[in-house]
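Q:
In the working numbering, the protein residues as written are 1 to 169.
Dropping the structure here:
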């Protein structure tokens, strides 16, 4: 029986590092350029992590859509990097995360219907408890959809550039 994941030595640390870096940059957008009460993991944290208002916007107009770009790219890179999957999986992984991220963005546009479909037991589970608010109070942006698409394309290019060649470790 073949294992779903590759051996540990096949994990691609370059892809993982780029993915984590993208998540870190995205977190900086939320810490510096977004109000704390609009960012779930910031306002639910016991520490005051928000730097919003202490500095001029660090990311400027890019801060509006940069997280959408970075999120999809990071999850693509982390999925492939951690799994050790090869080039044949790049496109399916990219498409999967593009659909997930675009689905969440479109869910904000059709928030009333989505909110009705969210089960009540989500309210009792950390991280899921904010699902309904994400859709109801989130803001749909067609620019975010463009950023998601560009993030997926960029991630595909990064996967190709950072893939482990035969004989390389």
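All C-beta atoms, glycine included, are put in the ideal place defined by N, C-alpha and C.
Give a yes or no on whether the C-beta atoms belonging to residue 67 and residue 120 are separated by under 8 Å.
A: Position 67 of the chain shown holds residue 67. Position 120 of the chain shown holds residue 120. Not in contact: residue 67 and residue 120 (Cβ atoms no closer than 8 Å).
Q: May I ask which residues mark the beginning and end of the alpha helix (DSSP H) holding residue 85?
A: Indexing the chain shown from 1 puts residue 85 at position 85. Where residue 85 is concerned, there is no enclosing alpha helix (DSSP H), given that its DSSP letter is neither H nor E.
Q: Would residue 52 and residue 32 be called neighbours here (beta carbons separated by less than 8 Å)?
A: Taking the chain shown and counting its residues from 1, one reaches residue 52 at position 52. Taking the chain shown and counting its residues from 1, one reaches residue 32 at position 32. Cβ atoms of residue 52 and residue 32: closer than 8 Å.
Q: Could you name each continuous beta strand (DSSP E) segment of 3 residues or more that falls completely within the segment 125 to 164, going from the start of the chain to the end?
A: For the segment 125 to 164, not a single whole beta strand (DSSP E) run of length 3 or above is found.
Q: Would residue 69 and residue 108 be called neighbours here (beta carbons separated by less than 8 Å)?
A: Against the chain shown, residue 69 aligns to sequence position 69. Against the chain shown, residue 108 aligns to sequence position 108. In this structure, residue 108 does not lie closer than 8 Å to residue 69 by Cβ.
Q: With a Cβ-Cβ cutoff of 8 Å, do residue 72 and residue 37 count as a contact?
A: Numbered from its first residue, the chain shown carries residue 72 at position 72. Numbered from its first residue, the chain shown carries residue 37 at position 37. No; because the gap between Cβ atoms is not below 8 Å, this pair is not in contact.
Q: Output yes or no for whether 8 Å exceeds the beta carbon distance between residue 89 and residue 82.
A: As a working note, residue 89 is residue 89 in the chain shown. As a working note, residue 82 is residue 82 in the chain shown. Against a cut-off of 8 Å, the Cβ pair of residue 82 and residue 89 comes out as no contact.
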